[in-house]
Structure formats: C-alpha cells, structure tokens
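Undergrad:
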C-alpha cells in the first residue's frame, strides 16, 4: 500500500483523521462491493492466505440470503406480496 506514495506526495490528500490503514480498508471494501472474489482481494492486499482476508472482511461479502434475493429480483423485479396487508 505504501509503494508509490513517495513519488508525488503533493497530489495525495488524505482526509483529516484518516490513516493509510483506513484507505486500505476502503480499497478492500470497494473491491468486495463490486463483486471481487476472496482470492482477488487477497492478492491485491498482499495477504499470504485467503483466510486472513476472510477473517478481516467476511462481513462485507453478501450472504446466501442476499445473493438469492438479488437473483430473484433480477428475474422477477419487485414482486408485490401475494396476500394483501391486514388493516389495523
């Protein structure tokens, strides 16, 4: 992550209170949000094993319910409930 930072330090601005570690976490989060797999994120972060990546970032990958819901919505769209809502 630090490779290249010394080339043009005047162009690099880090928000107040943020660290290089925060930027690294942001980068990993961005990769995961855009569908990168564990192996790719592991390589980009320089982790020696995928388990290190998973131990740190597993909460950011969608779970089975998220991916199943997304698949159904992609095919069917926003499906209205089968039963009407009960009146209060």
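Residue numbers (my numbering): 13 to 100.
Built from N, CA and C at the ideal position, the CB exists for glycine as well.
As the structure is a prediction and not an experimental result, all values here were calculated from the model.
(1) Buried or exposed for residue 83, please, with buried defined as at least 16 other CB atoms from any protein chain shown within 10 angstroms of its CB.
(2) Could you check the C-alpha separation between residue 36 and residue 89 for me, to the nearest Å?
(3) Can you find the residues in the same chain that come closer than 8 Å, C-beta to C-beta, to residue 61, ignoring five residues on each side of it along the sequence?
(4) Would you kindly report the start and end of the unbroken alpha helix (DSSP H) that includes residue 28?
TA: Reading off the structure:
(1) Position 71 of the chain shown holds residue 83. Per the 10 Å Cβ criterion, exposed.
(2) As a first step, residue 36 is located in the chain shown; it is residue number 24 there, counting from the start. As a first step, residue 89 is located in the chain shown; it is residue number 77 there, counting from the start. Roughly 35 Å between the two C-alpha positions.
(3) Numbered from its first residue, the chain shown carries residue 61 at position 49. Cβ within range, chain order: 54.
(4) Here residue 28 refers to the residue found at position 16 of the chain shown. From DSSP, residue 28 is part of no alpha helix (DSSP H); its letter is neither H nor E.
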